[in-house]
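Enquirer: In the numbering used here, each number is its position in the sequence shown, counted from 1, plus 1. C-beta: ideal position from N, C-alpha, C; glycine also. All values derive from a computational prediction rather than experimental measurement.
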Amino acid sequence: MKLLEHEAKTILKAAGVPVPRGTVITPQTTPELTLPVVLKSQVPIGGRGKLGGVVVVEEAAELESVINRLFALDIRGYTPTTLLAEEKLAIHNEYYFSIVINKATANIELVAHRNGGVEVEANDHASFLHFPLTTNNAEAAGEQLAEYLDLPGQSFVLQDLVENTYNCFVQNDATLLEINPLVLTADNKIMAGDCKMELDDAAAFRHADWQFEDTPRDTNFVTLDHDGTIATIANGAGLAMATVDAVAAAGMTPANFLDVGGGANTASVLTAFERIITYPNVQAIVINIFAGITRCDEVARAIIAARQQIDDLPPLFIRLAGTNFEEAVTLLTAENITTLASLEECLAAAKEVNHA
Ligand code: GDP
Ligand code: MN
2 MKLLEHEAKT ILKAAGVPVP RGTVITPQTT PELTLPVVLK SQVPIGGRGK LGGVVVVEEA
62 AELESVINRL FALDIRGYTP TTLLAEEKLA IHNEYYFSIV INKATANIEL VAHRNGGVEV
122 EANDHASFLH FPLTTNNAEA AGEQLAEYLD LPGQSFVLQD LVENTYNCFV QNDATLLEIN
182 PLVLTADNKI MAGDCKMELD DAAAFRHADW QFEDTPRDTN FVTLDHDGTI ATIANGAGLA
242 MATVDAVAAA GMTPANFLDV GGGANTASVL TAFERIITYP NVQAIVINIF AGITRCDEVA
302 RAIIAARQQI DDLPPLFIRL AGTNFEEAVT LLTAENITTL ASLEECLAAA KEVNHA
């Protein structure tokens with residue numbers, strides 16, 4: 002799951018990483034704010050700065066209108082339910098700092114760049130610092146980072162930063178911890194100007210305290226990519242994973258994994274549809290059911306209910322097989338909903354409508 006910036010910064014702060022002073026604003030409550038203040042839209046994606054989602058307010062008279070504007074501003078399909086108000090930093094320099102899992106080497110890795118901020122993607126790939134992290138090499142990594150960033154006087158501070166973020170990453174079962182910009186302030190402090198954190202949904206069982214906006218309610222439905230273009234509904238964890246893999250192998254981006262399970266009924270499948278349509282970029286839903294205990298007619302009833310109850314449902318490409326298949330086809334045909342003979346046909350049809 003992706004955390005909002007303010008959620009990630011709360012975790013960072015607890016881990017000993019300096020973050021700007023800040024407070025969360027909801028549509029109901031605007032706290033007293035000290036000016037100047039930076040107002041930041043809390044949507045689960047990057048690039049807010051370039052899209053008008055980060056605004057510095059200097060004048061009290063502007064506050065209310067900027068807050069209202071930010072709550073209404075759609076950022077690539079998301080509008081915020083909260084804003085983060087932060088002290089304005091006197092920024093001397095912006096760096097890129099992240100801790101990632103390098104899948105090729107199976108290492109946790111520090112990745113950094115001397116040119117951070119909103120233009121980080123313009124940097125040449127070869128110019129990033131990559132440093133594999135272990136449980137006891139934060140000092141060496143921090144030293145290397147200080148040298149790379151040309152901040153010799155900040156070596157101890159950067160050693161702490163690496164150690165604290167590494168521990169934070171491991172203890173929180175993170176899959177990504179990105180601080181961009183890592184700010185050097187005019188008075189020589191190193192601070193996390195922004196933070197993007199992704200946590201491993203599969204580790205939820207050992208974090209009873211996880212209560213984020215995006216916390217999964219169950220492990221049968223996993224968000225893979227909020228910006229994915231193809232949603233999936235399948236039954237059985239194996240078939241559900243294979244379906245996701247097949248979508249990816251066909252060159253499309255799966256938005257979710259969903260195992261509707263053996264006891265799938267109309268209500269639970271309908272709930273799945275409701276979650277799927279909250280993704281901003283889904284262009285088709287691929288439904289792949291091999292029914293044993295699950296009954297195809299129950300799935301068909303849910304599909305029909307979804308079509309009746311949910312406006313703007315993306316096109317459905319449906320492959321059903323197994324228990325009560327004939328009954329399902331009869332129900333669907335009466336509603337002019339067609340099924341396809343194989344997952345391959347579903348993917349080919351999805352590809353026709355997939356523009357991403
Ligand atoms: P993102 O675009 O979604 O990654 O949002 P960021 O939080 O990274 O903000 C984008 C840019 O806004 C940063 O790179 C900074 O240049 C600027 N910015 C963010 N916070 C502050 C701040 O406290 N003070 C100042 N002066 N600029 C800020
Ligand atoms: Mn950023």
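For ALA139, count the other beta carbons within 10 Å of its own beta carbon; 16 or more makes it buried, fewer makes it exposed. Which is it?
Expert: That one is buried.
Enquirer: Since ALA335 contacts LEU341 with CB under 8 Å, what's their CB separation in whole angstroms?
Expert: Wrong, their Cβ atoms sit about 18 Å apart, outside the cutoff.
Enquirer: Considering only the alpha carbon of each residue, which of LEU333, ASP188 and GLU164 lies closest to ASP17?
Expert: The sequence shown places Gly at residue 17, rather than the Asp named in the question. Selected option, being the one with the closest Cα: GLU164.
Enquirer: Grab the span of the beta strand (DSSP E) containing MET198 for me, first residue to last.
Expert: Residues 197-200.
Enquirer: By how many angstroms is the C-alpha of MET198 removed from the C-alpha of PHE206?
Expert: Distance between the alpha carbons of PHE206 and MET198: 18 Å.
Enquirer: Could you check where the beta strand (DSSP E) with LYS41 kicks off and where it finishes?
Expert: Segment 38-42, the beta strand (DSSP E) holding LYS41.
Enquirer: For LYS3 and ASP215, which I take to be in contact (beta-carbon distance under 8 Å), what is that distance rounded to the nearest angstrom?
Expert: Sure, about 6 Å apart at Cβ, within 8 Å.
Enquirer: By Cβ distance below 6 Å, which residues in the same chain neighbour CYS347 in space, the five residues on each side in sequence not counted?
Expert: Excluding residues within five positions, the ones whose Cβ falls inside 6 Å are VAL287, PHE318, ARG320 and LEU341.
Enquirer: Run the Cβ filter for me: residues under 6 Å from any heavy atom of the ligand MN, listed in the order they occur in the chain.
Expert: Cβ-based neighbours of the ligand MN within the cut-off: GLY47, ASN181 and ASP195.
Enquirer: Quick one: residues in its chain with C-beta nearer than 7 Å to the C-beta of ALA9, no 5 flanking neighbours on either side, listed in chain order?
Expert: Answer for ALA9: CYS196, LYS197 and MET198, listed in chain order.
Enquirer: What residues in its chain sit with their C-beta under 7 Å from that of THR267, if we drop five residues either side in the sequence?
Expert: Answer for THR267: GLU299, ARG302, ALA303 and ALA306, listed in chain order.
Enquirer: DSSP beta-bridge partners for SER1?
Expert: Nothing can be reported for residue 1: it is not among the residues displayed for the chain, which extend from 2 to 357.
Enquirer: Give a yes or no on whether the minimum CB-CB distance between ILE191 and chain D is below 9 Å.
Expert: Reference to chain D is not applicable here, since this structure consists of a single protein chain.
Enquirer: Since ILE76 and ILE46 are thought to touch, with beta carbons under 8 Å apart, how far apart are those beta carbons, to the nearest angstrom?
Expert: Right, their Cβ atoms sit about 7 Å apart.
Enquirer: Between the C-alpha atoms of VAL245 and LEU332, what's the straight-line distance to the nearest angstrom?
Expert: Each residue's alpha carbon lies about 27 Å from the other.
Enquirer: Is the beta carbon of VAL101 closer than 9 Å to that of ILE109?
Expert: It is a contact, given that the beta carbons lie within the stated cut-off.
Enquirer: On the DSSP bridge list, what partners appear for HIS356?
Expert: Paired residue(s): none; HIS356 is not in a bridge.
Enquirer: Any chance the CB of ALA91 is under 8 Å from a heavy atom of the ligand GDP?
Expert: Checking every heavy atom of the ligand GDP against the Cβ of ALA91, one is found closer than 8 Å.
Enquirer: What I want to know is whether the C-beta of GLU87 ends up closer than 8 Å to one or more non-hydrogen atoms of the ligand GDP.
Expert: Correct: GLU87 has its Cβ closer than 8 Å to the ligand GDP.
Enquirer: For VAL57, count neighbouring C-beta atoms within 10 Å of its own C-beta (all shown protein chains included) and say buried if the count is 16 or more, exposed if not.
Expert: Result: exposed.
Enquirer: Kindly identify the DSSP beta-bridge partner or partners of VAL171.
Expert: VAL171 pairs with nothing; no bridge assigned.
Enquirer: Could you name the residues of the same chain whose beta carbon sits closer than 6 Å to that of GLU144, not counting the 5 residues immediately before and after it, in chain order?
Expert: Answer for GLU144: SER156, listed in chain order.
Enquirer: So who's on the other strand from TYR79, going by DSSP bridges?
Expert: According to DSSP, which records beta bridges pairwise, TYR79 is partnered with ILE76.
Enquirer: Alpha helix (DSSP H) containing VAL270: first to last residue?
Expert: Residues 267-277.
Enquirer: Using a Cβ-Cβ cut-off of 6 Å (strictly less than) and excluding sequence neighbours within five positions of GLY54, which residues of its own chain qualify?
Expert: Cβ within range, chain order: SER42 and ILE76.
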